[in-house]
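Peer 1:
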Amino acid sequence: MVDLESLNPEQLEAVLDTTHNLLLLACAGSGKTRTITTKIAYYIEKGILKPWEILAVTFTNKAAYEMRERIDSMLPGFDLSSLEVRTFHSFGAWLLRRHHAEAMLDDNFCIYDDDDSLSLLTTLFPTTDKKLLRGFSKSISKAKDLGVDPDDAKLSEIDSEEMFRMVYKRYESAIRCTGNCDFADLILLPVGLLEEHPDIADRYRRRFKLILVDEYQDSNRMQFRLLKLIAGESSQICVVGDDDQSIYAFRGAELKNILTFAKSFDNVREIKIEKNYRSTGEILRLAGGLISHNKERHVKDIVSATDAHGPLPKLLECADGEYEASTISSIIRRDRLFRSTAIIYRTNAQSLPFEMQLKKDRVPYRLVGALRFYDREEVKDALALLFLLVNRRDSVNFRRIINKPPRGIGPKAQEEIAGYGDDLVTGLELFSSGHGKAAEGAKAFLDNYKEMLESVERGDNLGDVLLRGITHSGLMAMYEKEPDKNVVKARKENLSTLISSLSQCQPGYESLVGYLENITLDNSTLGGTGEEDTESQVVLITMHNTKGLEFDNVFVAGLEDEIIPGGSDVRPSDLEEERRILYVAITRARKMLTLSYARRRMRWGHTDYMHKSRFIADFPSGSYESNVSRQERPPMDFDRLVGARMSYGKRISSWNGTTMNDLRKEENGTIERIELAVGDIVSSEIYGKGRVVALDGDMATIEFLSGVKRLNRNYSEFKMVEKASSIRKKTTFQVGDKVRSAVYGDGEIVSREVKNAAADIVVIRVRFKNSEVQLVEKFAKIEHI
DNA sequence: GCTCTCGCCCCAAGC
DNA sequence: GGGCGAGAGC
Ligand SMILES: Nc1ncnc2c1ncn2[C@@H]1O[C@H](COP(=O)(O)OP(=O)(O)OP(=O)(O)O)[C@@H](O)[C@H]1O
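What follows is the structure in structure tokens.
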């Protein structure tokens, strides 16, 4: 039975309403995803709709998998294979695969990623500045996301470069020649297809009776048009989202879509939820305070539905990036946060110090995204052979692989081959009938190509086909020549991962095409350690990637200007988006939230002096606890600062007008120096509890669980846990004594036994109201009453 | 056409 | 720090 009991009234309404188009505009953690998942399961269980009549669209692949999994577990025994849970792009690919001829694509078209698009541009314009081409590549995808074609008058608003229109035009005709498509085409081409073929559109309109879109605030103009095209008279549309979580403007996301939903569709019912089931009140207060600084938003509250409370969020100031990583790692180890913990940052480049630190400290972790498996050179090379196998017009992959390893077929020869026509394999055959080194190389390449093709058609295991392919082509030998043995090893491991994943596919052509589509759409399907056990590994992830996820413990690192908010051209609208990105990261936390920033950070091989993020000022006062961890900071940072000012010139802009006096004020700041004596038990925010072993002027040597540290008392803050004097003057108890404990309440001593007189280990048993506990007398936190 | 070295410049985030 | 492209020299 699908569980409707635990839903709140609004969620229940959204699940049960079968007659309206629904807009669920609700805050973070309000159970939007849970609602639509339940709705799908409910419709299927009650027989309201068949699985194939439902289409659910998510924003990321991860979200799609999770949603399918949740539905599966709600409906054991149902066959859900015909239920479509996809990202917009994967849905587009699915449509195009079914109607490739009408869309003018190859039977076995593959999808070009951003790199491939850039390669295509490079072959079209070999003499044009690479940086310029990169910009064009971005502009082209932006134009396509907006549905602006090369003849559109508004094109110059996207890219004012004079030659852009011509570049865009030639790119479009070149990609059509390959029979393949790029990411933007996955939305653009289906829109064209359905507009030009009403009969096809009708089929899908009749088929999908319920269409749900998660994270609708991040849909773009073309995705909206696609949604309109597949929404039929009798279909019910249900979109859910949160305008405060719109973080994909850079990809053309338009908040307008969700804010004007009621105008775009008929018979709309809007449901709002302002209750959060995920986080503690403390976390919500901080998050709510932050987002309330955005002007362009629908003001809504975010209040705790469960009234859960927990520790106040913490803000850590760290001397540098490495120190930030080691601090976070030591907190993770100190509090044993190995389960359901994430370290979240703005850019992938920030993951490195965490990877190194966690590896050193033997904390199991999983890196999400980053250098994606299929983006690695050797993997792309090997795949290029396969791409060419399924589509002979794939010029991008042809050029990638034809002269790798070198076989004398340079740019000139490549032009000649391309001159024979779009079918590059036929071109290569014609070329190979000539003479010379290049023709010989072409023959060798063709032999391998044909051998691979035949073995796929024969039904050989696909992994074996690839292994033979990369061996005969000389790719493998080429990688082995690399002088750095570690690189060789890593490459071989990656190739072997690739081969073994391929060998698990069904043999044959069709299955190969499917495999290739899958890996382009979802880069995360392979790679990493292979262990998908996120629950017991610390997850390293970007803010964008965490959308829709949740963790008990969240560290948000790198809260510095020029990281978040990033970039230097801070337009107000960008700033609001940056604030939303941080808001998304913060609202992933269920119980514990720790924010951190570094005062200096290594970037591009030199040290930058950072200023803490301006967003920190947006947090309500008292909503977080700033420990200001100054331990490692040399007392006089100013000399270095002045040096930096002179040598780095404009880079000092990152100080954003902070004056020396501000710094000094901060420097004299809030350290409260407490009296210490040898033997005292103190606690430090960074290192946890420790025992003072020596005092020497300003320096205190303290033994922490993680090791002995020598700290300057002017720059380190401690809390007294237990004075040594009070430890010595410890109380003893007698059987029958009435005692009080902060944890257990009042109780009575029932036994007392000296276990080891020399070490002063005396075990007492105390009976409290609800329990009986055994304690070591000298450590017991109880007192006489 | 291949390979090695020098010097440049680091703008993201995602499908 | 490092990846990458330009250009020299083979
Ligand atoms: N009615 C409810 N009772 C108890 N827990 C709930 C309820 N609704 C949702 N939750 C829990 O709240 C958490 C957040 O739910 P969910 O991920 O569906 O929210 P969301 O609105 O999609 O969040 P976000 O927009 O931040 O990604 C989940 O752990 C979910 O199980």
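Each number in the numbering used here corresponds to the 1-based position in the first sequence with 505 added. We put the CB at the ideal spot given by N, CA and C, even for glycine. From a predicted model like this one, the values you see are computed outputs, not experimental measurements.
Relative to the C-alpha of Gly815, which residue among Glu1130, Arg897 and Leu528 is closest?
Peer 2: That would be Glu1130, whose Cα lies nearest to the Cα of Gly815.
Peer 1: Can you name, in chain order, every residue of its own chain whose Cβ lies under 6 Å from the Cβ of Asp611, other than the five neighbours on each side?
Peer 2: Taken in chain order, the residues that qualify are Gly684 and Asn896.
Peer 1: On the criterion of 16 or more Cβ atoms from any shown chain inside 10 Å, does Lys1170 qualify as buried, or is it exposed?
Peer 2: Unreliable placement is indicated for Lys1170, whose pLDDT of 29 sits below 50; the coordinate value is still reported in the next sentence. Answer is exposed; the Cβ neighbour count stays below 16.
Peer 1: Whole angstroms is fine: what's the gap from Ala1205's alpha carbon to Leu1045's?
Peer 2: Spanning the two alpha carbons is a distance of roughly 34 Å.
Peer 1: Spatial neighbours of Arg730 within its chain, please: CB distance less than 6 Å, with the 5 preceding and 5 following residues excluded, ordered by chain position.
Peer 2: Closer than 6 Å at the Cβ level, and outside the excluded window around Arg730, lie Val696.
Peer 1: Give, in chain order, every unbroken run of the alpha helix (DSSP H) that is at least 4 residues long and sits entirely within the segment 1043–1110.
Peer 2: If we require 4 residues or more, the alpha helix (DSSP H) runs fully inside the segment 1043–1110 come out as 1077–1091.
Peer 1: Can you check the segment 541–611 for any alpha helix (DSSP H) of at least 4 residues that lies completely inside it and give the ranges in chain order?
Peer 2: As far as the segment 541–611 is concerned, its whole alpha helix (DSSP H) runs of at least 4 residues are 566–579 and 593–603.
Peer 1: By DSSP, does Glu987 sit in helix, in strand, or in coil?
Peer 2: If DSSP states are grouped into helix, strand and coil, Glu987 belongs with coil.
Peer 1: Measure how close the beta-carbons of Pro910 and Gly979 come, nearest whole angstrom, since I'm counting them as under 8 Å.
Peer 2: Their Cβ separation, rounded to whole angstroms, is 5 Å, which keeps Pro910 and Gly979 in contact under 8 Å.
Peer 1: Tell me the DSSP secondary structure of Gln862 in three-state form.
Peer 2: It is helical.
Peer 1: State buried or exposed for Thr846, treating a residue as buried only when at least 16 other CB atoms are found within 10 Å of its CB.
Peer 2: Buried.
Peer 1: Pull up the DSSP beta-bridge partners for Tyr617, would you.
Peer 2: BP columns for Tyr617 point to Asp687.
Peer 1: Classify Met1165 as helix, strand or coil using the three-state DSSP reduction.
Peer 2: The predicted model places Met1165 with a pLDDT of 29, which falls under 50 and marks its position as unreliable, so this point remains unresolved.
Peer 1: Is Gln516 near ligand 1 - that is, is its Cβ less than 7 Å away from at least one heavy atom of it?
Peer 2: Yes, Cβ of Gln516 sits closer than 7 Å to a heavy atom of ligand 1.
Peer 1: Quick one: any contact between the segment 588–599 and the segment 862–878, if contact means 3 or more CB pairs under 8 Å?
Peer 2: Contact between the segment 588–599 and the segment 862–878 is absent, because fewer than three Cβ pairs lie under 8 Å.
Peer 1: Which of the three DSSP states is assigned to Ala847 in this structure?
Peer 2: Correct three-state label for Ala847: strand.
Peer 1: Here's the rule I'm using: 16 or more other beta-carbon atoms within 10 Å means buried, otherwise exposed. How should Asp883 be labelled?
Peer 2: A quick correction: the sequence has Glu, not Asp, at residue 883. The residue is buried, with at least 16 neighbouring Cβ atoms inside 10 Å.
Peer 1: Can you give the Cα-Cα distance for Tyr721 and Leu888, rounded to whole angstroms?
Peer 2: Distance between the alpha carbons of Tyr721 and Leu888 is about 34 Å.
Peer 1: Taking the beta strand (DSSP E) that Gln741 belongs to, which residues open and close that run?
Peer 2: Counting along the chain, the beta strand (DSSP E) containing Gln741 begins and ends at Gln741 to Gly746.
Peer 1: May I ask you to report which of helix, strand or coil DSSP gives Met1151?
Peer 2: Below a pLDDT of 50, predicted positions are generally treated as unreliable, and Met1151, at 28, falls in that range; the measurement from the model is reported next regardless. Reduced to three states, the DSSP call for Met1151 is helix.
Peer 1: Within 10 angstroms of its Cβ, does Ser831 collect 16 or more other Cβ (buried), or is it exposed?
Peer 2: So Ser831 ends up on the buried side.
Peer 1: Tell me the rounded alpha-carbon separation between Lys649 and Leu693.
Peer 2: C-alpha separation (whole angstroms): 7 Å.
Peer 1: Gln1009 by DSSP, collapsed to three states: which one?
Peer 2: Note: Gln1009 maps to coil in three-state DSSP.
Peer 1: Taking Cβ to Cβ, would you say Lys1052 is nearer than 8 Å to Val1089?
Peer 2: A contact, by the Cβ cut-off of 8 Å.
Peer 1: Should Asp747 be listed as close to ligand 1, given that the test is whether its C-beta is under 7 Å from any heavy atom?
Peer 2: Correct: Asp747 has its Cβ closer than 7 Å to ligand 1.
Peer 1: Take Ile776 as the anchor and find which of Arg1105, Asn526, Leu795 and Leu1021 has the nearest alpha-carbon.
Peer 2: Measuring from the Cα of Ile776, the nearest candidate turns out to be Asn526.
Peer 1: Just mark Val1059 as buried or exposed, buried being the case when its beta carbon has 16 or more other beta carbons within 10 Å.
Peer 2: Its Cβ being crowded by 16 or more others within 10 Å, Val1059 is buried.
Peer 1: Quick one: is Ser1078 buried, meaning 16 or more other Cβ sit within 10 Å of its Cβ, or exposed?
Peer 2: Per the 10 Å Cβ criterion, exposed.
Peer 1: Using DSSP with H/G/I as helix, E/B as strand and the rest coil, what is Tyr1129?
Peer 2: Coil, per DSSP.
Peer 1: Flag this pair as touching only if the segment 561–574 and the segment 801–818 have three or more C-beta atom pairs under 8 Å; answer yes or no.
Peer 2: Output reads no: the segment 801–818 does not touch the segment 561–574.
Peer 1: Just checking, does the segment 706–715 make contact with the segment 748–755 on the three C-beta pairs under 8 Å criterion?
Peer 2: No, the segment 706–715 does not touch the segment 748–755.
Peer 1: Check whether the segment 600–620 touches the segment 570–582, counting contact only when three or more Cβ pairs, one atom from each stretch, lie closer than 8 Å.
Peer 2: Short answer: they don't touch.
Peer 1: Quick check: does the Cβ of Gly1053 come within less than 7 Å of any heavy atom belonging to ligand 1?
Peer 2: Yes, since a heavy atom of ligand 1 falls inside the 7 Å radius drawn around the Cβ of Gly1053.
Peer 1: Among Asp989, Leu951 and Asp522, whose alpha-carbon lies nearest the alpha-carbon of Asn772?
Peer 2: Comparing Cα positions, the closest option is Asp522.
Peer 1: State yes or no: is the C-beta of Ile778 within less than 8 Å of the C-beta of Cys532?
Peer 2: In contact: Ile778 and Cys532 (Cβ atoms closer than 8 Å).
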